[in-house]
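Reading through the structure tokens given below for one structure.
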Amino acid sequence: MHRVPIVMAIALSLAGCSLGSQPMPFGLNSAANAGAPAPYASRLGDEQASSPRKSERSQPVGERVASLDTSREAPASNARSAKAPPGALADRDYATTKLDADAARDLINAYRREKGLKPVTLNADLSKAAKAHARDLAKWDRISHYGSDGSNPWDRVKRAGYNARVAAENVGTGQATFAEVLAGWKASAGHNKNLLLAEGQNIGLALVHEPKTEFKTFWTLVIATPL
-10 MHRVPIVMAI ALSLAGCSLG SQPMPFGLNS AANAGAPAPY ASRLGDEQAS
40 SPRKSERSQP VGERVASLDT SREAPASNAR SAKAPPGALA DRDYATTKLD
90 ADAARDLINA YRREKGLKPV TLNADLSKAA KAHARDLAKW DRISHYGSDG
140 SNPWDRVKRA GYNARVAAEN VGTGQATFAE VLAGWKASAG HNKNLLLAEG
190 QNIGLALVHE PKTEFKTFWT LVIATPL
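Take the sequence shown: its position 201, counted from the start at 1, is 190 in our numbering, and no numbers get skipped.
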């Protein structure tokens, strides 16, 4: 039986200063975003991993077959689901903000190639999972790897119809371009590990730009390997 890790990342850098707590399961860690202009708020982060609990591995198809142990927290309302300070990004220009998924994939693959890794390909199901989470974050103007319904990245990948052996997720908020969020991910140990996931084969990418929110932009990357 394969172990099925879920690699996730959450951290905070704000206006060139980092905030956070000591590493802990399901906890926040700080990670400075290199070259970030001020005022600036983004969330990047350190990795977490989990595998299906033994009791879940034999459940019938259609049931929840893998999830993180959430007994220690309420998924949608805890400290890892924070919001941006009012007006933190009011002076940033998002007029040309957009996501070109093909160009973003090429940037990721160029970075992977530098490290001797195989390229990844865009996958519609993973992009569906990424988009669903980005929309959910934008709706509530928050940042977390937990959805407002309590879902985690693994749940969303499964819901989207992708049968994964390995799945990882990076999120970012406040960045005006993909190059900017990618630079932040590279500068964060946990996010960088996800970008360089050796067994990664497919990715999904999403951006939701919601000017009425404090975070303004909500970026999600999902990288996975099928069974």
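For glycine and all other residues, C-beta sits at the position ideal for the given N, C-alpha and C. Predicted model, so just to flag it, every value in this text is computed and none were measured.
Exercise. Could you name each continuous alpha helix (DSSP H) segment of 4 residues or more that falls completely within the stretch 74 to 103, going from the start of the chain to the end?
Key: For the stretch 74 to 103, whole alpha helix (DSSP H) runs of length 4 or above, ordered along the chain, are 90 to 103.
Quiz item: Does DSSP classify His134 as helix, strand or coil?
Solution: Start at 1 with the first residue of the sequence shown, and residue 134 comes out as number 145. In this structure, His134 counts as coil in the three-state DSSP scheme.
Quiz item: Whose C-beta lies closer than 8 Å to the C-beta of Ala153 among residues of the same chain, with five residues either side of it excluded?
Solution: Taking the first residue of the sequence shown as position 1, residue 153 is located at position 164. The answer, listed in chain order, is Val(-7), Trp143, Val146, Lys147, Ala213, Thr214, Pro215, Leu216.
Quiz prompt | Proximal residues to His122 (C-beta, below 7 Å), its chain only, five neighbours per side dropped | solution = In the sequence shown, counting from the first residue as 1, residue 122 sits at position 133. By the criterion of a C-beta distance shorter than 7 Å, His122 is surrounded in its chain by Gly136, Arg145, Thr209, once the five residues flanking it on both sides are discounted.
Self-check item: Three-state secondary structure assigned by DSSP to Leu126
Solution: Residue numbering aside, residue 126 sits at position 137 when the sequence shown is read from its first letter. Helix.
Quiz item: Of the choices Leu115, Thr85, Ala84, Val109, whose alpha-carbon is the least far from that of Leu96?
Solution: Reading the sequence shown from its first residue, position 107 is the one you call residue 96. For the set Leu115, Thr85, Ala84, Val109, the Cα lying nearest the Cα of Leu96 is the one of Val109.
Quiz item: Below 7 Å between beta carbons: does that hold for Ala217 and Leu184?
Solution: This structure gives no information on residue 217, because the portion of the chain shown stretches from -10 to 216.
Quiz prompt | Asn196 in three-state terms, based on DSSP | solution = As a working note, residue 196 is residue 207 in the sequence shown. For the record, residue 196 in the displayed sequence is Leu; it is not Asn. Strand at Leu196.
Quiz item: Which stretch, first to last residue, makes up the alpha helix (DSSP H) that contains Phe167?
Solution: Your numbering for residue 167 matches position 178 in the sequence shown. Element bounds for Phe167: 167 to 176.
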